[in-house]
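Residue numbering for the sequence shown is 886 to 1056, as defined by my numbering.
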Amino acid sequence: MNFCRPLLWETQEICYNKSVEFFAVDWGEAMAAIIKIENLRKVYPVGKERIVALNNISFDIEEGEICCILGTSGSGKSTLLNQLAGLEKPTKGSVTIGKTNISVLSETRLAKFRQKYIGFVFQSYNLLPAYTALENVAMPLMFRGVSKKKREQKAKELQAAIHFCEEKCIT
Ligand SMILES: Nc1ncnc2c1ncn2[C@@H]1O[C@H](COP(=O)(O)OP(=O)(O)OP(=O)(O)O)[C@@H](O)[C@H]1O
Ligand SMILES: [Mg+2]
């Protein structure tokens, strides 16, 4: 397993220069790009100022790659993740996932796309405390109209895949 394709870019052209590094693990097989980032730019207007959080970034992520984004505080990591996940629209450029350019989708279509194809594990977890771990895992399927039986079965499969034991989180 090799760490490869380190990319480095500069952000924050107005305030100060910061850099973000992106690493992808190369599994040694030729794979197709599953996420394509082209000339991505994100500018936040703050009063009369404009914060350039991402400045013309382009790179691909291939199917099956495990990627890390490294950078100092304020260098644009969260902004980039928000763009990749379709939580925010770019100022310029595009994010294409599979064959879908998510940057041009309406909010409704984007919400449906996220529900179907995007998974998040937040730093603060954002679990619903009144639900069990199994119910938390199964919940996204509820919004897809999957039956209780099927979503619990799927959630159990996923928990088993990561060797998760429900009792562990009760103690
Ligand atoms: N909603 C926003 N409105 C205005 N400026 C923003 C907004 N979100 C991010 N920024 C600015 O964009 C830049 C990049 O912020 P971002 O949160 O992406 O950095 P980060 O690398 O995730 O930092 P950290 O390591 O502290 O989480 C920062 O200058 C930040 O202040
Ligand atoms: Mg952040």
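Built from N, CA and C at the ideal position, the CB exists for glycine as well.
Fair warning: this is a prediction, and the values are worked out from it, not measured in the lab.
The shortest C-alpha to C-alpha distance from R926 to any of L1013, E1037, C952 and V937 is the one to V937. Of the heavy atoms belonging to ligand 2, none sits nearer than 8 Å to the Cβ of S979. Per the DSSP secondary-structure output, L1026 pairs with nothing in a beta bridge. Here G978 has E923, N924, L925 and R926 as same chain residues with Cβ atoms under 6 Å from its own Cβ, once five neighbours each way along the sequence are excluded. Taking every protein chain shown into account, the CB of G932 has fewer than 16 other CB atoms within 10 angstroms, so this residue is exposed.
Apart from sequence neighbours up to five positions away, the residues of its chain that approach N967 with a beta-carbon distance below 6 Å are E973, ordered along the chain. Taking all protein chains in view, the Cβ of P975 is crowded by 16 or more other Cβ atoms within 10 Å, so the residue is classified as buried. Residue state for T993 is assigned as helix, using DSSP reduced to three classes. Annotation for K1039: A1023, L1026 and V1031 place their beta carbon closer than 8 Å to its own, counting only its chain and skipping 5 residues before and after. Contact between Q1000 and R1029 holds: CB atoms are separated by about 7 Å, below the 8 Å threshold. The chain-ordered list of residues whose CB is nearer than 6 Å to some heavy atom of ligand 2 reads K962 and S963.
At a Cβ-Cβ threshold of 9 Å, T981 and F998 do not count as neighbours. Distances from the CB of T976 to the heavy atoms of ligand 1 are all 8 Å or more. Considering only K1035, T1017, K1033 and R1036, the residue with the shortest C-alpha distance to C1050 is T1017.
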